[in-house]
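The numbering used here numbers the first residue of the sequence shown as 323 and each following residue consecutively. Where a beta carbon is used, it is the ideal one built from N, C-alpha and C, also for glycine. These numbers were taken from a predicted model, which means no experiment stands behind them. Below is one structure, written out as structure tokens; comments come after it.
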Amino acid sequence: MKQAQAEQQVPKPVDETREVDFYNIAENRLKVFERDGYKCKYCAKQLTRFSATLDHIQPVSKGGTNTMDNLVTACLHCNSSRGSRPVMDAIKKNNAEQTAASDANKPVSNFL
Ligand SMILES: [Zn+2]
């Protein structure tokens, strides 16, 4: 009996990219906030654990993961409500996004 149990305790291979989720696990979110000093990476506003949000550097839709390296602390303002940004900021951001989006949507032949 004891031998059989011991044999079953084979260490499981850990897929770190899957196991370490800093976006959905509250405890891990705090680690990102702490790394960034609870300051918004975009406007440097001092945040709290209640007002801080996480922003993906590379969007999940473009293959970004929930790893610590791909997440930054952002205030709600910078993270999601683009409509309330200063106009010039919104224009710059929108232009950058449109350029990236149109590049991604171009047929391959346009690159040749
Ligand atoms: Zn901000």
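* Helix, strand or coil for A374 per DSSP? -> Position 52 of the sequence shown, counting from 1, holds the residue named residue 374. A374 falls in the strand class under three-state DSSP.
* Candidates E349, D377, F355: closest to H399 by CA position -> In the sequence shown, counting from the first residue as 1, residue 399 sits at position 77. Comparing Cα positions, the closest option is D377.
* Helix, strand or coil at C397 [DSSP, three-state] -> As a first step, residue 397 must be located in the sequence shown, where it is residue number 75. C397 falls in the strand class under three-state DSSP.
* To do: Kindly examine ligand 3 and report whether one of its heavy atoms sits closer than 6 angstroms to the Cβ of H378.
  => In terms of ligand content, the structure shown lacks ligand 3 and carries ligand 1 instead.
* Pairwise C-alpha distance: C397 and R404 -> In the sequence shown, counting from the first residue as 1, residue 404 sits at position 82. In the sequence shown, counting from the first residue as 1, residue 397 sits at position 75. Caution is warranted here: a pLDDT of 46 is assigned to R404, below 50, making its placement in the model unreliable, and the coordinate value is therefore given only provisionally. When rounded, the distance between both Cα atoms is 12 angstroms.
* Asked: Since K353 contacts T395 with CB under 8 angstroms, what's their CB separation in whole angstroms?
  -> As a first step, residue 353 must be located in the sequence shown, where it is residue number 31. As a first step, residue 395 must be located in the sequence shown, where it is residue number 73. Contact flag wrong, Cβ pair sits at about 11 angstroms.
* Drop a sphere of 10 angstroms on the beta-carbon of A366, count the other beta-carbons inside from all chains shown, and report buried for 16 or more, exposed for fewer. => The count along the sequence shown starts at 1 and reaches residue 366 at position 44. So A366 ends up on the exposed side.
* Straight-line CA distance for I347 to Y364? -> Reading the sequence shown from its first residue, position 25 is the one you call residue 347. Reading the sequence shown from its first residue, position 42 is the one you call residue 364. Rounded to the nearest angstrom, the two C-alpha atoms are 23 angstroms apart.
* Please name the residue in L369, D358, V342, D391 whose C-alpha comes closest to that of P296. => A query on residue 296 cannot be resolved here, the shown segment of the chain reaching from 323 to 434 and no further.
* Asked: Say the cut is 6 angstroms; is the CB of Y364 nearer than that to a heavy atom of ligand 1?
  -> On the sequence shown, residue 364 is found 42 positions in, with the first residue counted as 1. Indeed, a heavy atom of ligand 1 lies less than 6 angstroms from the Cβ.
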